[in-house]
Each structure stands twice: as C-alpha cells, then as structure tokens.
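> Numbering (UniProt numbering), first residue to last: 1 to 203.
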Ligand SMILES: CC(C)(COP(=O)(O)OP(=O)(O)OC[C@H]1O[C@@H](n2cnc3c(N)ncnc32)[C@H](O)[C@@H]1OP(=O)(O)O)[C@@H](O)C(=O)NCCC(=O)NCCS
C-alpha cells in the first residue's frame with residue numbers, strides 16, 4: 001500500500017504527485033480550513049453520480065470528525081477538484097472482540113479523469129490512514145450494478161461479504177464489501193447488520 005508522505009505545501013499537505021492522467025495532479029489531505037474552497041465542489045462531484053443526494057450535514061458529519069481520513073486529488077495547475085474519498089473510523093464495542101472498523105462513505109472521480117488510477121490512489125491513501133489508526137477492517141456498500149467500483153475494490157483486496165437487497169432508495173441492491181486488515185472475531189463485518197429481508201424474517 002502507498003505510504004503517506006507529510007510535506008507541508010502552500011495549499012495543504014501534498015501527499016503525492018502524478019502525471020499519469022491527462023492533466024497533472026496531486027493528492028492532499030482535507031482540512032477544515034479548506035471547507036469554503038472545496039466543500040461545494042466535493043458535493044457537486046459526489047452528487048453527480050449518486051442515486052441518493054446527501055445533505056450538507058452528512059458531509060459535515062464525516063469531515064468534522066474524520067478530516068484526516070478524507071483525501072482529494074487536485075489539478076496541479078488550477079487546484080480544482082478531480083477526485084475525493086470520504087471515510088470514518090469507529091470502534092464497535094458491541095462486537096466481540098471490539099472491532100475498529102473503517103468505512104468508506106463516498107468516493108468519486110470526475111468523468112474526464114477516470115481510468116488513470118486516481119480512485120485507486122485515493123482508496124489506498126484512505127486505507128493506509130485507517131490502518132495507521134488501528135483499523136481491523138474496512139467496509140463499504142456499493143450498488144450491485146456499479147462494476148467499475150466493485151472491480152476497483154476487489155483489486156484492492158475487498159471481498160463481497162453480503163448482498164443487501166433493495167438497499168438504496170431507488171430500489172437497487174448493494175454489496176457490502178470488506179477488507180480485512182487483521183484477523184478479527186466472529187462478529188466482525190463478515191456478519192454485519194441484518195438487511196431488510198432478514199429484519200422482516202425475524203420481526
Ligand atoms: C468508481 C470510480 C471512483 C473509479 O474511479 P477511477 O479513477 O476511474 O478508478 P481507477 O482509475 O483507479 O481504476 C479504474 C480502471 O483504471 C485502470 N487503471 C488504474 N490505474 C491506471 C493507470 N495508471 N493507467 C491506466 N489505467 C489505470 C484500472 O485497472 C481500472 O481498470 P478496470 O476498469 O479494468 O477495473 C469512478 O468511476 C467514479 O467516480 N464513479 C462514480 C462514483 C462511484 O461510483 N463511486 C463509487 C461508489 S462506492
């Protein structure tokens with residue numbers, strides 16, 4: 001996995017530079033002071049491809065508490081947003097043994113920059129940051145029809161732990177994908193929360 005460098009730069013902490021895509025870009029960790037500059041474009045980028053638009057409070061929920069787990073890919077010349085990943089990390093004490101679970105909430109790359117490894121780099125940075133903070137596992141949900149995302153995560157070592165029927169408001173089903181960073185107990189994400197059908201079955 002990519003190691004994080006920590007060099008200060010004018011805009012923010014520059015993590016890596018890349019010239020692999022059409023325009024040169026660099027990766028930077030999100031910081032609160034960048035909210036005014038980048039939150040509108042983060043929302044615009046994510047909303048574009050999302051079946052369920054999130055309110056500003058959803059973004060702030062993640063960014064206020066886990067800004068260190070949010071990374072952006074920026075255009076080197078214009079500093080405009082090319083890609084972003086937003087995550088959280090929580091310890092689930094009710095699970096046996098208590099498990100530190102990272103969660104990838106949102107990931108998007110602008111259409112013009114896809115297929116050059118930008119999302120792969122962002123995901124690796126986020127996973128590294130979660131691992132450094134003691135994550136046992138990383139989980140996420142993605143629509144079952146989102147093959148680019150599923151391929152990306154499976155290449156990174158995630159596996160499908162569960163199908164969540166009609167998980168999204170649009171009626172689409174999802175897969176829960178899990179990446180194990182260390183061996184965890186029987187109650188970990190492999191056995192995560194019940195989906196709707198299961199809930200009805202035991203209701
Ligand atoms: C899913 C998504 C984030 C992928 O972004 P991306 O930057 O294109 O992803 P990557 O470039 O890392 O990987 C995509 C492909 O490029 C290839 N690739 C990776 N690095 C590359 C490089 N340096 N040069 C050329 N191709 C490369 C990968 O092998 C991959 O190939 P595949 O299509 O066979 O899997 C993007 O399509 C997106 O924003 N979709 C809409 C939002 C979304 O669905 N988010 C995920 C929700 S969970």
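Glycine included, every Cβ here is placed at the ideal spot set by N, Cα and C. Source: prediction; values computed, not measured.
1. What's the call for residue 103, buried or exposed, on a 16-neighbour Cβ count within 10 Å?
2. Between the stretch 154-166 and the stretch 117-126, can you find at least three pairs of beta-carbon atoms closer than 8 Å?
3. Measure how close the beta-carbons of residue 96 and residue 136 come, nearest whole angstrom, since I'm counting them as under 8 Å.
4. Could you pull the DSSP bridge partners for residue 87 from this structure?
5. Note the first and the last residue of the continuous beta strand (DSSP E) segment covering residue 50.
6. Could you give the first and the last residue of the continuous beta strand (DSSP E) run that contains residue 141?
7. Return the CA-CA distance between residue 207 and residue 175, expressed in angstroms with no decimal places.
8. Within the continuous alpha helix (DSSP H) that includes residue 62, where are the two ends?
9. How many angstroms separate the CA atom of residue 168 from the CA atom of residue 46?
10. Could you pull out every residue in the same chain whose Cβ sits closer than 8 Å to the Cβ of residue 148, ignoring the five residues on either side in sequence?
11. Tell me the residue span of the alpha helix (DSSP H) that contains residue 161.
12. State buried or exposed for residue 91, treating a residue as buried only when at least 16 other CB atoms are found within 10 Å of its CB.
13. In terms of DSSP beta bridges, what is residue 92 paired with?
14. What would DSSP say about residue 78, mapped onto helix, strand or coil?
15. Using a threshold of 8 Å, is the CB atom of residue 138 nearer than that to any non-hydrogen atom of ligand 1?
16. Looking only at its chain, what residues have a beta carbon closer than 7 Å to the beta carbon of residue 39, apart from the 5 residues adjacent to it on each side?
17. Distance, Cα to Cα, residue 66 vs residue 87?
18. Using a Cβ-based criterion (distance less than 8 Å to any ligand heavy atom), does residue 146 qualify as near ligand 1?
19. Would you call the CB atoms of residue 35 and residue 69 closer than 9 Å?
If we stick to the structure as given:
1. To locate residue 103, count along the chain shown from 1; it is residue 103. Burial state of residue 103 is buried, judged by a 10 Å Cβ sphere holding 16 or more other Cβ atoms.
2. By the Cβ rule, the stretch 117-126 counts as touching the stretch 154-166, because three or more pairs are nearer than 8 Å.
3. Taking the first residue of the chain shown as position 1, residue 96 is located at position 96. Taking the first residue of the chain shown as position 1, residue 136 is located at position 136. Actually they do not touch by this definition, with Cβ atoms about 12 Å apart.
4. Here residue 87 refers to the residue found at position 87 of the chain shown. DSSP links residue 87 through a beta bridge to 104.
5. By one-based count along the chain shown, residue 50 stands at place 50. From DSSP, residue 50 is part of no beta strand (DSSP E); its letter is neither H nor E.
6. Reading the chain shown from its first residue, position 141 is the one you call residue 141. Counting along the chain, the beta strand (DSSP E) containing residue 141 begins and ends at 137-143.
7. Examination of residue 207 is not possible in this model, given that the chain is present from 1 through 203 alone.
8. Against the chain shown, residue 62 aligns to sequence position 62. Per DSSP, residue 62 belongs to the alpha helix (DSSP H) from 56-65.
9. Working through the chain shown from its first residue, we reach residue 168 at position 168. Working through the chain shown from its first residue, we reach residue 46 at position 46. Their Cα atoms are separated by approximately 16 Å.
10. Here residue 148 refers to the residue found at position 148 of the chain shown. The answer, listed in chain order, is 114.
11. For this step, residue 161 is matched to residue 161 along the chain shown. Not the alpha helix (DSSP H): residue 161 falls in the beta strand (DSSP E), residues 159-164.
12. What you label residue 91 is simply residue 91 of the chain shown in a count that begins at 1. Flag for residue 91 reads exposed.
13. The sequence position of residue 92 within the chain shown is 92, counting from 1. Residue 92 pairs with 99.
14. The sequence position of residue 78 within the chain shown is 78, counting from 1. Collapsing the DSSP output to three states places residue 78 in coil.
15. Translated into the one-based positions of the chain shown, residue 138 becomes position 138. Not under cutoff, so the answer is no.
16. The count along the chain shown starts at 1 and reaches residue 39 at position 39. Within the same chain, residue 39 has close Cβ partners 59.
17. For this step, residue 66 is matched to residue 66 along the chain shown. For this step, residue 87 is matched to residue 87 along the chain shown. Going from the Cα of residue 66 to the Cα of residue 87 covers about 7 Å.
18. Counted from its first residue, the chain shown places residue 146 at position 146. Relative to ligand 1, the nearest heavy atom lies less than 8 Å away from the CB of residue 146.
19. As a working note, residue 35 is residue 35 in the chain shown. As a working note, residue 69 is residue 69 in the chain shown. No.
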